[in-house]
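There are 2 protein chains.
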Amino acid sequence: MARAIGLAANNVNSSNGGPFGAVVVKDGKIVGEGGNKVTVQNDPTAHAEIVAIRQAAKNLGTFDLSGCEIYASCEPCPMCLGAIYWSHIDKLYYAATKDDAAKANFDDSFIYAEIAKPKDQRQLQSVQLMREDAVKVFEEWIETENKIPY
Amino acid sequence: MARAIGLAANNVNSSNGGPFGAVVVKDGKIVGEGGNKVTVQNDPTAHAEIVAIRQAAKNLGTFDLSGCEIYASCEPCPMCLGAIYWSHIDKLYYAATKDDAAKANFDDSFIYAEIAKPKDQRQLQSVQLMREDAVKVFEEWIETENKIPY
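Going down the list, the sequences are from chains D and E. So in numbering that gives the first Met the number 0, spot 147 of the first sequence is number 146, and the numbers just go up one at a time. So in numbering that gives the first Met the number 0, spot 47 of the second sequence is number 46, and the numbers just go up one at a time.
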């Protein structure tokens, strides 16, 4: 965790991105890490946890990070928490909370609240189109043999 | 949307990843698009919407996709919905629902339910450590001039 918080502090000192860092560990060794790189890489998805997860998956040569733990300098936002679930990481250690992040003007609490709302009550306008065509693709997927689950 | 569903169908036919596609549009032109690339790129974060958002941000040279719309062949999972909020995309069009995705054995509904729970009731174990050190970094961020908000 000291390493994750150090990556966050480095970002503040170097103007490389938001004040967040994350480290992915497997069997006591760091397999991926990173600071937030949203502004420096022009990538709105480049939160520290996403950067660290992508690096760990690349280093380990698998999309499945079962057996890994993640240390995040702040409680993950819904995007990053979702990424932790998809990656099958076993355990999350976090330091600051989403309310601490909100005090520093980050939208984590707002996005948690939005995601919990029914679609038609969110600030983001959502419109459904062409459902039947998309469901057909799922049906083809279900019938496909030799597919790789993730 | 036909293009997004076509990208999803291509994935099923080519075994390149899950049956999902997404397209980001600005002023009537496609600025980013992609199919799910989780298995082919060993990247658990490479959902179609994330791929399309990253490509759009790279093409437009900005982390702020205000003025853009996203077409997704399926209702975004929490990770992707979070990414849509962080990117400031204006409007979401989706085709299949998260329950359609669940029938095809994808975890979207499960992850929505988990994220809505208090941390101590989630399947993912969460442990807080070193909060004070992380909050200090936020305080430094608040006091930093010339930072780039996102």
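A virtual CB, placed ideally from N, CA and C, is assigned to each residue, including glycine.
Backbone CA spacing between residue i and residue j [nearest angstrom]
i, j, result
"D/V30", "D/A55", "5 Å"
"E/V136", "D/I49", "20 Å"
"E/T61", "E/V126", "35 Å"
"E/K116", "E/Q122", "10 Å"
"E/E138", "D/T96", "14 Å"
"E/A21", "E/W140", "34 Å"
"E/D106", "E/A100", "8 Å"
"E/A8", "D/Y70", "37 Å"
"E/I147", "E/V134", "19 Å"
"D/N58", "E/T44", "15 Å"
"D/R2", "E/M0", "43 Å"
"E/I4", "E/I110", "23 Å"
"E/V24", "E/E142", "37 Å"
"E/R130", "E/E144", "24 Å"
"D/Y161", "E/K102", "Nothing about residue 161 of chain D can be read from this structure; chain D reaches only from 0 to 149."
"E/E113", "E/E32", "28 Å"
"E/Y92", "E/L80", "12 Å"
"E/C76", "E/S13", "23 Å"
"D/N104", "E/Y84", "15 Å"
"D/K28", "E/L128", "19 Å"
The ligand NAP heavy atom lying under 7 Å from the CB of residue i
i, result
"E/F137", "The ligand NAP is absent from the structure shown, which contains no ligands of any kind."
Cut-off 8 Å between Cβ atoms - residues of its own chain near residue i, not counting five sequence neighbours on either side
i, result
"D/D26", "G66"
Sequence-distant residues of its chain with Cβ nearer than 7 Å to residue i (five each side left out)
i, result
"E/D42", "K36"
"E/G16", "N10, G34, N35, K36, V37, T38 and V39"
"E/K90", "E68"
"E/D98", "S108"
"E/A82", "E48, I49 and I52"
"E/Q120", "none"
Nonlocal neighbours in the same chain, by C-beta distance under 6 Å from residue i, ignoring five residues either side
i, result
"E/K118", "S125"
"D/S86", "I52 and L64"
"D/C73", "F19, A95 and A100"
"E/L6", "G20 and G34"
"E/H46", "N35 and C79"
"E/I88", "L64, C67 and I69"
Per DSSP, the bridge partner or partners of residue i
i, result
"D/V30", "BP columns for D/V30 are empty, so no partner."
"D/Q124", "E/K90"
"D/C73", "D/A95"
"D/A21", "D/G33 and D/A71"
Going along the chain, which residues of the stretch 119-141 of chain E sit with their C-beta nearer than 7 Å to a C-beta in chain D? L123, Q124, S125, V126, Q127, L128, M129, R130, D132, A133, V134, V136, F137, E139, W140 and I141
Residues in the stretch 32-59 of chain D having any Cβ partner in chain E nearer than 7 Å: Of all residues in the stretch 32-59 of chain D, only V37, T38, N41, D42, P43, T44, I49, I52, R53, A56 and K57 place a beta-carbon less than 7 Å from a beta-carbon of chain E.
Scan the stretch 68-79 of chain D for residues whose Cβ lies nearer than 7 Å to a Cβ of chain E and list them as they occur along the chain. S72, C73, C76, P77 and M78
Taking Cβ-Cβ distances below 9 Å as the criterion, which residues of the stretch 10-34 of chain E are in contact with chain D? N10, V11, N12, S14, G16, G17, P18, F19 and G20
Name, going along the chain, the residues of the stretch 87-100 of chain D whose beta-carbon falls closer than 9 Å to a beta-carbon of chain E. H87, I88, D89, K90, L91, Y92, Y93, A94, A95, T96, D99 and A100
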